[in-house]
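Working notes, structure below.
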Amino acid sequence: MITKLDVNSAASARGLTDITIRNLFILPTIAFLIIFNIFPLIYSLGSSFYDYSAASNQPAVFVGLQNYRDLLASPYIWSNFSITAKYVLVSVGGQVIVGFGIAVLLNRVIPFKGLITTLLLLPMMMSAAVVGLFWQLLYSPSWGPINYVFGLGDFPWLSDPTAALYAVAITDIWMWSPFVMLLSLAGLSAVPKHLYEAAAIDRASGWYTFSRITLPLVAPLLLIAIIFRTMEAFKTFDIAYVMSVQPTTELIAIRLYKLAFQEWQTGRSCALAYIMLIMVLAITNIYVKYLNQVKAR
Amino acid sequence: MAAVRTPAQRIRDRLAIVAVVVITIIMLAPIYWIASTAFKPRSLATTVPPTVFFTPEITPFIKLFTKRVQLLRPVDKQTYDAAPWWEKLVYDGGERVLKVGDQPQLSAYPNRFLNSLIIAVTSTFLAVAMGTITAYGFSRFRITGEPDLLFFILSTRMLPPVVVAIPMFLMYRQVGLVDTHIGLIILYTAFNLSFSVWLMKGFIDEIPKEYEEAALVDGYTRLRAFLTIVIPESATGIAATAVFCFITAWNEYAFALMMTNRNAQTAPPFIPAQLGSGLTDWTTIAAGSVLFLLPVALFTFLLRNHLLRGVTFGAIRK
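Taken in sequence, the protein lines are chains A and B. Heads up: the first sequence runs through residues 1 to 297, numbered per the working numbering. Heads up: the second sequence runs through residues 1001 to 1318, numbered per the working numbering.
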C-alpha cells in the first residue's frame, strides 16, 4: 500500500524524480532565453566598446567608452530623446484620457455591452504596420477622409514637421486607448456598488464620488496601464517608421535602427542600444513591482 | 438589480449610451475605411469627397493575387470575350494579367502570406509547448530565486526589438540564418516564450494541486499526472495563450523588417512596402490588409474573455 506520506519516494521509484522533472521542464526555457536573448546582449555590450562597422571589412578597433561619450555629447541623440519624450507624453496622456473616459461611460447597464467592448478592443489587436499604413490614407492631404470630415482643407498632416509627430501619436492613441479602457473597466467593475449607494444617500456630488471613491479604487490598475504603455511608447518603432519620414518623428528606436542598419555604425549603435536598454529595464522593474502588488491583493 | 435611480441619473445613463454609440462608430470608422476600400473600384478609392456608398466589387482581391501591367490600349473584343470572369474584371480596370503560357503569374502576396502563416504557427507551437511545461515547473515545484527567475523571463519580453536585432543580425549572418524562416521562428519563439510562461503559470496556478496528488497516490508518475490531468485541465488556457502568441507573431513588424528581405519576408513589412512601387493602388493594398487582418479579428472575438489576462501577462484575472 502506498500511503500519502511516501508520494514522493513512491513516484521516484516509478519514474523520474520531481527534481528531474522540474529541471527538464524549466532549464530548456532558461537556456533558450539565455542563448537567444542574453548572449546576443553580451555580444553587443562587447561591440559597443569598438569602432566597428558590419558593412566594411575593416577590423574592429577598441575605443573604450568613446561611443558612449560621443552619443551622450551629440545634440542629435538628445533631440531624438526629446522627440521620444514628447511622443510618450502626448500618446500615453491621450490614451489615458480617451481609454479611461470610454471605460467610465461603459461602466453601466448598456445593451450589447459585451459586443461593443469587443469591437472597441479591435484596434489594439491589429498589426501596427497595417494600422500605420492605413492612417496614411486617412491623413492624405488632398483626398483623405480626415481632412474632409473635419473641414481642414489640404492640411498636410504627415509632411508638416510639427504636425507629423501628433499625427502619429493620434494613431497610437486610436490603437491603444482600448488597452487603457480594458484595464480601467476591470478596475471600475470591482468598485463595490454599496459605496456609491452610501455616497448617494449622503448626497455627495458627482465629482466628490468620482474623486474619492472611483479614482482611488481604479488607480492601481490604471497605473499598471500607464507604466506599460509608457514603456511601449518609449520603444515605439513600427507605427512611426511606417507613417512618417519626417526628422521630427525620429523616435529613439528609429534612430537606433538607422544607425545600425542604414549607416552601419555597428559599434556605436550597440552603445545606443545599451543606453536604451538600461532605461527600458528600469521601467520594466517598476512595472513588475506594481504588477505583483496588484496580484497580491 | 438596478438600485433606485433618480431621474437625473437615468438621463445621465441615456446620454452615456448615446456617447458610447458615437465613440464606437468613430473608433470603428478607420477599420470600416480599410474594409470598404478593399471592395472599391480603383477610381473611387481616392475621390473628393470620399466615396462612402458604392457597388462593391472583388476586383482588388483578384489584383492582389496576380501580377499585372497597365494596358496601353483597350483589348480587342475577341480576347476580352475569351477571358475568364476574373480576368475580365482586371481588363475593366485598364490592366492586363501577366501570364506564363496559360497560367496567370502570381504576385508576391500569397508567398508573403504563407511565410507569415508558417512562421507564426511554428513559433506559436514552440513557445506554447515550452511555456506550458516551464509554467508547470514554476507553479508546482520549489525553485530557489523564483521571483528573480520570473523577472528575468519577463524582462526578455520587454527588450526593444531593435536592441535585440542588431547582435542577432550579426550572429545570423555568421551562420546563414538571415532571411530564413528558421531565423524568424527562433526570434518569435524567444519573444513569445516569456509571455507564454507567465500566462500559463496563471492558468496552471488555478488548477488545484490535489488533482495531481490524488493521481500520484493512485500510482501515476508525475509525468503521467501532468499529461493526463494538468494538460486537459488547462486546455482553455493553452488555447488562449496560443492565440495571443499567434497574433503577436502574425503582427510583428520590426524583426521581420530587419531580418528578412525576400525569401522569408512576412506580410507586415511587405504590405507597406507596396506603397512606394509605382502608382499606388490603394484598393489592392486594402484587399491585402483585409485578408491579413481577418484572422486577428476572428481571434479577438474568440479571446474576448481572456483579453484582460493576456495583456497583463496573467496577473489580472477579472
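Note that the Cβ used here is the ideal one computed from N, Cα and C, for glycine as well.
Taking a contact to require three or more Cβ pairs closer than 8 Å, the region 1141-1159 of chain B and the region 1256-1274 of chain B do not qualify as touching.
At least one beta carbon of chain A lies nearer than 8 Å to the beta carbon of B/M1171. Sequence-ordered contacts of the region 45-75 of chain A with chain B read S47, A54 [C-beta pairs closer than 8 Å].
Taken in chain order, the whole alpha helix (DSSP H) runs of length 4 or more contained in the region 136-164 of chain A are 145-149. Contact note: B/L1193 reaches chain A through T29, F32, L33, using a C-beta cutoff of 7 Å and chain order. The beta carbon of B/V1296 lies closer than 6 Å to those of I1247 in the same chain, with the five residues before and after it left out.
Between the alpha carbons of B/P1232 and B/L1223 lies a gap of roughly 13 Å. Using a Cβ-Cβ cut-off of 7 Å, A/P145 is close to W1033, P1050 of chain B, given in chain order. B/Q1070 sits close to B/G1094, with the two beta carbons spaced by under 8 Å.
Burial state of B/G1101 is exposed, judged by a 10 Å Cβ sphere holding fewer than 16 other Cβ atoms. Residue contact check for A/I170 against chain B: no CB pair falls below 8 Å.
Taking the C-beta atoms as reference points, A/I226 is found no nearer than 8 Å to A/V90. Around B/S1234, the same chain offers T1132, M1200, F1203, I1204, I1207 as residues with beta carbons nearer than 8 Å, after the five sequence neighbours per side are excluded.
By the CB criterion at 8 Å, A/P178 and A/P156 fall outside the cutoff. Bounds of any alpha helix (DSSP H) do not take in A/R203, whose DSSP letter is neither H nor E. Leaving aside the five residues that flank B/T1189 on each side, the residues in its chain whose CB is nearer than 6 Å to its CB run, in chain order, S1123, L1126, A1127.
Within the region 1006-1033 of chain B, no alpha helix (DSSP H) run of at least 4 residues lies entirely inside it. The beta carbon of B/R1317 is closer than 6 Å to those of R1309 in its chain, skipping five residues each way along the sequence. When C-alpha distances from B/M1130 are compared across A/A253, A/T284, A/V130, A/I30, the shortest belongs to A/I30. In the structure shown, B/T1066 adopts extended strand secondary structure according to DSSP, grouped into three states. The beta carbons of B/L1150 and B/V1243 sit no closer together than 8 Å. Excluding its 5 nearest sequence neighbours in each direction, B/I1185 has C-beta neighbours in its own chain below 6 Å: I1119, T1122, S1123, listed in chain order. Between A/L152 and chain B, the shortest Cβ-Cβ separation is not below 8 Å.
Boundaries of the beta strand (DSSP E) harbouring B/E1095: 1095-1097, taken from the DSSP string. The C-beta separation of A/A240 from A/L222 comes to about 25 Å, leaving the pair out of contact by the 8 Å criterion. In this structure, A/S48 lies away from A/N23, with their beta-carbon atoms at least 8 Å apart. For B/P1104 and A/I283, the gap between their C-alpha atoms comes out near 53 Å. Contact annotation for B/T1300 against chain A: T118, L121, L122, M125 [CB-CB distance below 7 Å, chain order]. Within chain A, the residues placing a beta-carbon under 9 Å from that of B/D1013 are R108, V109, I110, ordered along the chain. The shortest CA-to-CA distance from B/F1292 to any of B/P1050, B/A1267, B/H1306, B/R1304 is the one to B/A1267. A distance of 8 Å or more separates the beta carbons of A/G187 and A/A60. Taken through DSSP and simplified to helix, strand or coil, A/D172 comes out as helix. What B/V1311 touches in chain A, judged by beta-carbon distance under 7 Å, is F179, L182, going in chain order.
In the displayed model, A/V61 falls within a strand according to three-state DSSP. At a C-beta separation below 8 Å, B/M1259 has no neighbours in chain A, since its nearest C-beta there lies roughly 10 Å away. In the DSSP assignment, A/L121 falls within the unbroken alpha helix (DSSP H) covering 113-125.
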